[in-house]
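Sequences listed follow chains A, B and C, in order. With this note's numbering, the residue at position 24 of the first sequence is 24, and numbering never jumps. With this note's numbering, the residue at position 22 of the second sequence is 1022, and numbering never jumps. With this note's numbering, the residue at position 43 of the third sequence is 2043, and numbering never jumps.
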Amino acid sequence: METVEQRVSGLGLIMPPAAAPVANYVGAVRTGGLLAVSGQLCFGPDGALVAKGKLGAGVSVEQGQEAARACAINLLAQVKAATGSLDRVRRVVRLGGFINADPGFLDTPKVMNGASDLMVAVFGEHGRHARTTIGVAALPMNAAVEVEGLFEVD
Amino acid sequence: METVEQRVSGLGLIMPPAAAPVANYVGAVRTGGLLAVSGQLCFGPDGALVAKGKLGAGVSVEQGQEAARACAINLLAQVKAATGSLDRVRRVVRLGGFINADPGFLDTPKVMNGASDLMVAVFGEHGRHARTTIGVAALPMNAAVEVEGLFEVD
Amino acid sequence: METVEQRVSGLGLIMPPAAAPVANYVGAVRTGGLLAVSGQLCFGPDGALVAKGKLGAGVSVEQGQEAARACAINLLAQVKAATGSLDRVRRVVRLGGFINADPGFLDTPKVMNGASDLMVAVFGEHGRHARTTIGVAALPMNAAVEVEGLFEVD
């Protein structure tokens, strides 16, 4: 039976090192069986933002989806750093998606699917999560997408 | 002694079917005694948005309150679908309110009261919750309000 | 060994009374070992907002940091009101930072450090938290910053 870690390899996902804290916060905090993971920006494996700017004003839905997927991969890197292995994840409980959006942009859920799809590709049915997606006025470094997560872990 | 389900009937609330997932996420996820419910848009019983557009730019506070109330009813529909009965709710722990707002709009809490009041009408003291309300740049389908919830359940 | 309450005194923090609920919600809800605290605005000890308006459009980063710090102090006031003593806090699990921001403002994390630093000043290593920071279109009363919190408590 394939483990989650094997599935991640099979998908060819490049897991970056978990982003180091740059201030008085940390990437993830465990409380009981829950792991709260900090909002992750859409940094790619090369350390650069996958997409910069606003959806509806220069960033396309496709670029936004790639960005959301990158955020999700960065969430997994934090989970792995905190727990030692993605096989310790019992359930993706909730994702919060923050889309850097022009006030007229309406397709935030489509963008966020980039993150949701990655979770199900990695965890299967256990990857299905509750989700809230909103369009926000500003994100750090003008990142196009930020995603936070809550995980049930062993 | 009146059950919560009886109270819902007494209030004449029309509980829509819980919105079906349209992507790789679900309406609610249970972890231990907590139920995290996805952000719900302000769909009414007829399946149309109760209010569309921005508070402070076309949508009135009263319309926003109706929209927030509709979001709250949709949260209840998700809770019922996940647990079988609203009588399994021990406490509404937290609501997150996302108001589609013009940057100059200041009355987001008043709008969100439409959701908070519904929870207390249904659950009494157990309906009192922690709450965060923010004005956001964009919501799916240009909905006026989105509300997410965290519930303690049996 | 210094208690957290002694450290708060040593820091000269003026803890305001926990803001009373003005609607059908409450300042904090406990569920199991978790305390969910409502979003707190940047009221100072005199009851006035520490900063009003938008970052990137009139409010400076330094003013924003002071505002975030005030929000954090107000979170502590809610925790104390709910638990009786800040020494009951085992861990600051998560902070959500909402910065009233002009769409072009990129320094939201720097602003939020005002809240994060206060938590570590008060709780030491137990004050390090998961964090999500976003720039929002509108906040109640035009407050510059709002912060919500999740705490693990005894």
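Note that beta-carbon positions come from the ideal geometry of N, C-alpha and C, so glycine has one too.
Asked: Cα separation between LEU1106 (chain B) and GLY2056 (chain C)?; Found: 18 Å
Asked: Give me the chain C residues within the contact set of ASN1113 (chain B), using Cβ-Cβ distance strictly less than 8 Å, ordered along the chain.; Found: ALA2023, ASN2024
Asked: Could you check what DSSP says for SER2116 (chain C) in three-state terms: helix, strand or coil?; Found: helix
Asked: If we ignore side chains and look at the alpha-carbon of each, how far apart do ARG131 (chain A) and PHE151 (chain A) end up?; Found: 12 Å
Asked: Going by the C-beta, is ASN24 (chain A) closer than 6 Å to any heavy atom of the ligand NAP?; Found: The ligand content of the structure shown is nil, which means the ligand NAP is not present either.
Asked: For a test of the three-state rule: what should DSSP assign to THR3 (chain A), helix, strand or coil?; Found: coil
Asked: Can you tell me the Cβ-Cβ gap for VAL122 (chain A) and LEU49 (chain A), rounded? I've got them flagged as a contact below 8 Å.; Found: Not really, about 22 Å apart at Cβ, beyond 8 Å.
Asked: Spatial neighbours of GLY2033 (chain C) within its chain, please: CB distance less than 7 Å, with the 5 preceding and 5 following residues excluded, ordered by chain position.; Found: GLU2152, VAL2153
Asked: Name the one or two DSSP bridge partners that LEU95 (chain A) has.; Found: A:ARG131, A:GLY149
Asked: Which whole-angstrom value describes the C-beta separation of ALA28 (chain A) and ALA82 (chain A), a residue pair presumed to lie in contact below a C-beta threshold of 8 Å?; Found: 4 Å
Asked: Who are ASN1100 (chain B)'s beta bridge partners in DSSP?; Found: B:VAL1136
Asked: Report yes or no: is there a C-beta of chain C within less than 7 Å of the C-beta of THR31 (chain A)?; Found: yes
Asked: Starting from LEU2075 (chain C), trace the alpha helix (DSSP H) both ways and give me its first and last residue.; Found: 2061 to 2083
Asked: At 7 Å on the CB atoms, spell out the chain A contacts of MET1141 (chain B), in chain order.; Found: LEU106
Asked: Spell out the partners DSSP gives THR31 (chain A) in its beta bridges.; Found: A:LEU34
Asked: Classify THR1003 (chain B) as buried or exposed, calling it buried when 16 or more other Cβ atoms lie within 10 Å of its own Cβ.; Found: exposed
Asked: With a threshold of 6 Å on Cβ separation, who are the neighbours of THR1133 (chain B) within its own chain once the five nearest residues in sequence on each side are excluded?; Found: GLY1097, THR1108, PRO1109, MET1112
Asked: Looking at VAL2037 (chain C): is its Cβ nearer than 7 Å to the Cβ of GLY2149 (chain C)?; Found: yes
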